[in-house]
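Engineer: Counted from 1, the sequence shown has number 39 at position 39 by full-length UniProt numbering; the numbering is strictly sequential. For glycine and all other residues, C-beta sits at the position ideal for the given N, C-alpha and C. Since we're looking at a predicted model, the values are computed, not measured. First the structure, which I've put down as structure tokens, then a few questions once you've had a look.
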Amino acid sequence: MRRFNESCLYLAVWTNQFDNVANRLAHTKTTGPEIWEQTEGNIDAFTCATGTGGTLAGTGIYLKQKNPNVKIVLADPPGSVLFNFVKNGVLERQGTGSVTEGIGQGRVTDNLKDSPIDDAVHVEDHRSINMVFRLLKDEGIFVGASSGLNVVAACDVAKSIGPGSTVVTILCDSASRYQSRLFSRSWLESKGLFDAVPEDCRHLVTLP
């Protein structure tokens, strides 16, 4: 078994996705150009949450190259240090934790270092959960809490810029991975989030 384990090391690759800047470069080469093309260059802001930081940083780098006036806004869940880092330059947690997964950070990753971030918004869990159900009922879009957070952030940024603005975000997760929790009344209640579900959407909470 030991020899087998040692031989497997030759078949393993550690991508180091948090600190390997090839991550953000991929978004500079693909996501950024796609957004620029599909908006025909008419974009006022881009916002999303960060885990590795690659999506926000890489997309932001490209969009800033095309138009320095495009605002790049980091969206952050409770328990992460990045909101306070962008706003105040300190690595201090905002809130105590989040039901979102894969986003938020306790440090500045290499992908985020020196990235062109103009501002940050903090999004509480109740707003993310509310948006998950609004998107499902009103738009037929089945996403998880991280995507819900991104859409809340995009709405906040759009309101701050004003009517007629074009703000882009990323729908980064499907609710299929989380449906045993997101659509469970007991789970939502255990997190103090059932009241965040809009009244006209509560019939969608189908699990006990």
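#1: Provide the residue span of the beta strand (DSSP E) that contains residue 251, from first to last.
#2: Three-state secondary structure (DSSP) at S147?
#3: Provide the residue span of the beta strand (DSSP E) that contains V73, from first to last.
#4: When DSSP labels each residue in this structure, what does D125 get in the three-state scheme?
#5: Name, in chain order, the residues that DSSP records as bridge partners for A120.
#6: Beta-carbon within less than 6 Å of A196's beta-carbon, same chain only, minus the 5 sequence neighbours each way: which residues are those?
#7: Hey, I35 and L63 are a contact pair by Cβ (cut 8 Å); roughly how many whole angstroms apart?
#8: So, is H27 buried or exposed, given that buried needs 16 or more other C-beta atoms within 10 angstroms?
#9: How would you call R177, buried or exposed, if buried means at least 16 neighbouring beta carbons within 10 angstroms?
#10: Grab me the residues of residue 287's own chain with a C-beta within less than 7 Å of its C-beta, minus the 5 sequence neighbours each way, in chain order.
#11: Which residue comes first and which comes last in the alpha helix (DSSP H) that contains W14?
#12: Compute the beta-carbon to beta-carbon distance between L136 and L204, rounded to the nearest angstrom, for a pair I have assumed lies under 8 Å.
#13: Measuring CB to CB, does T100 end up less than 7 Å from A145?
#14: Counting only C-beta atoms, is V108 closer than 7 Å to chain D at any point?
#15: Taking only the alpha-carbon atoms, compute the straight-line gap between H122 and F83 and give it to the nearest angstrom.
#16: Could you compute how far the alpha carbon of P78 sits from the alpha carbon of S184?
#17: Smallest Cα separation from V70: which of P116, D200, G140?
#18: Use the C-beta contact count for A120: other C-beta atoms within 10 angstroms, 16 or more gives buried, fewer gives exposed.
#19: Between the alpha carbons of P208 and R202, how many angstroms are there, rounded?
#20: In the DSSP output, what is Q94 paired with across the bridge?
#21: Among V21, N67, L11, K191, which has the Cα closest to the Cα of N42?
Structural biologist: Working from what's here:
#1: Only positions 1 to 208 of the chain appear in this structure, which leaves residue 251 out of reach.
#2: Taking the sequence shown and counting its residues from 1, the one referred to as residue 147 is at position 147. S147: helix per DSSP, three-state reduction.
#3: Numbered from its first residue, the sequence shown carries residue 73 at position 73. 71-76 is the span of the beta strand (DSSP E), which, as asked, contains V73.
#4: In the sequence shown, counting from the first residue as 1, residue 125 sits at position 125. Reduced to three states, the DSSP call for D125 is helix.
#5: The residue given as residue 120 occupies position 120 in the sequence shown. Answer by DSSP bridge pairing, in chain order: L74.
#6: For the purposes of this step, residue 196 is taken as the residue at position 196 of the sequence shown. Contacts found: H126, I129, N130.
#7: Within the sequence shown, numbered from 1, the residue matching residue 35 stands at position 35. Within the sequence shown, numbered from 1, the residue matching residue 63 stands at position 63. So it is a contact: roughly 7 Å between Cβ atoms.
#8: Taking the sequence shown and counting its residues from 1, one reaches residue 27 at position 27. Buried is the call here.
#9: Taking the sequence shown and counting its residues from 1, the one referred to as residue 177 is at position 177. Answer is exposed; the Cβ neighbour count stays below 16.
#10: Because residue 287 is not part of the residues shown, which for the chain are 1 to 208, the question remains open.
#11: To locate residue 14, count along the sequence shown from 1; it is residue 14. From DSSP, W14 is part of no alpha helix (DSSP H); its letter is neither H nor E.
#12: If you number the sequence shown from 1, residue 136 lands on position 136. If you number the sequence shown from 1, residue 204 lands on position 204. The pair is a contact, with the Cβ atoms about 6 Å apart (cut-off 8 Å).
#13: Mapped onto the sequence shown, residue 100 falls at position 100. Mapped onto the sequence shown, residue 145 falls at position 145. Yes.
#14: Absence of chain D from the displayed structure is noted, only one protein chain being present.
#15: The residue given as residue 122 occupies position 122 in the sequence shown. The residue given as residue 83 occupies position 83 in the sequence shown. Those two C-alpha atoms are separated by around 6 Å.
#16: Counted from its first residue, the sequence shown places residue 78 at position 78. Counted from its first residue, the sequence shown places residue 184 at position 184. Distance between the alpha carbons of P78 and S184 is about 22 Å.
#17: Translated into the one-based positions of the sequence shown, residue 70 becomes position 70. Of the candidates P116, D200, G140, the one whose C-alpha sits nearest the C-alpha of V70 is P116.
#18: The residue given as residue 120 occupies position 120 in the sequence shown. Classification of A120: buried, given that the 10 Å Cβ count is 16 or more.
#19: By one-based count along the sequence shown, residue 208 stands at place 208. By one-based count along the sequence shown, residue 202 stands at place 202. The alpha-carbon atoms of P208 and R202 are separated by roughly 12 Å.
#20: Numbered from 1 along the sequence shown, position 94 holds the residue referred to as residue 94. According to DSSP, Q94 bridges with S80.
#21: Mapped onto the sequence shown, residue 42 falls at position 42. Per the Cα distances, N67.
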